[in-house]
Amino acid sequence: MASLLKNQILKHLSKFTKNLSADKINLSTLRGEGDLSNLELNEDILTQLLELPTWLRITKAVCSRVSVKIQWTKLKSQPICLYLDEVILEAETCEQPRPPNTQSQQSQGGKYGFVDRVMDGIYIHVNSVVVKLHSHMFHASLQLSRVKVQSMSPTWQTPSDLRSTRIRDPGRGEILLFKEIEWQTTRIEATAKCTDEDFLTPLRLIANQAKIRIVVKKRLI
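Residue 2 is where the sequence shown starts when you use our numbering, and the numbers rise one by one after that.
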């Protein structure tokens with residue numbers, strides 16, 4: 002059973018990672034808990050998934066540790082929980098714009114079913130996110146701490162049941178999902194490139210307690 006679950010995890014995650022293998026997964030089947038360590042993410046897939054502008058691409062993406070908690074008997078009502086320790090992303094501007102994402106890359110197609118509901122309901126907690134941006138004119142970095150991504154009710158309340166976080170409209174063939182992204186601290190720093198004779202003070206912005214609320218519309222078919 003443990004081997005079967007490992008293979009299912011690999012099947013879904015392998016396209017997003019470059020170094021994921023069964024020996025890197027520490028899985029406890031009975032408790033519904035698992036660990037992944039030192040993941041290298043696929044930069045090209047992430048660039049497409051995030052729909053970045055064509056003048057920007059991800060060059061490095063790593064995660065030090067991921068813990069997974071799954072309530073197997075309550076997947077309809079309780080979220081899969083992912084706890085990430087540190088995520089580091091590096092990106093750079095492109096001298097020549099890269100090809101844009103095609104429609105086939107952006108849409109997977111198929112009917113919206115149980116697996117989609119489970120994946121859309123995932124709860125994510127990240128201790129630290131570091132994003133570094135490099136260009137010919139400047140360097141910039143973004144640091145976020147205690148990032149949480151979770152499904153919410155239509156009135157933006159924390160739900161006790163995931164089924165209350167979706168509004169279905171069968172007549173229009175659509176479903177609405179309500180997401181909240183919250184983090185504790187933000188630190189942004191940007192530095193222009195200069196010669197040895199020049200000295201420019203970096204631009205810094207530090208803020209506390211931020212929150213974003215998003216409504217996502219998806220097709221049922």
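Ideal placement from N, C-alpha and C gives every residue a C-beta, glycine not left out. Quantities reported herein were computed from a predicted structural model and do not represent experimental measurements.
Check	Outcome
Touch test, the stretch 124-144 against the stretch 76-93, Cβ-Cβ under 8 Å, three pairs minimum	yes
Through-space distance from K180 to T156, alpha-carbon basis	11 Å
Residue environment, R214, which counts as buried when at least 16 other CB atoms sit within 10 Å	exposed
Three-state secondary structure (DSSP) of S97	One detail in the question is off: residue 97 reads as Gln in this sequence, not Ser. Coil at Q97, not helix or strand.
Beta-carbon proximity check, L178 vs K219, cutoff 8 Å	yes
Local conformation of K112 per DSSP, three classes	coil
Segments of 4+ residues assigned as alpha helix (DSSP H) that fall wholly inside the stretch 31-57	44-50
Inter-stretch contact at 8 Å, needing at least 3 Cβ pairs: the stretch 143-152 / the stretch 52-62	no
Per-residue DSSP class, three states only, for S1	This structure gives no information on residue 1, because the portion of the chain shown stretches from 2 to 222.
Whole-angstrom distance between T186 and P171, CA atom to CA atom	40 Å
Whole-angstrom distance between A191 and L47, CA atom to CA atom	23 Å
Candidates I222, G35 and E183, of which the one nearest W73 by Cα	G35
Sequence-distant residues of the same chain with beta carbon closer than 6 Å to C195, five excluded per side	L201
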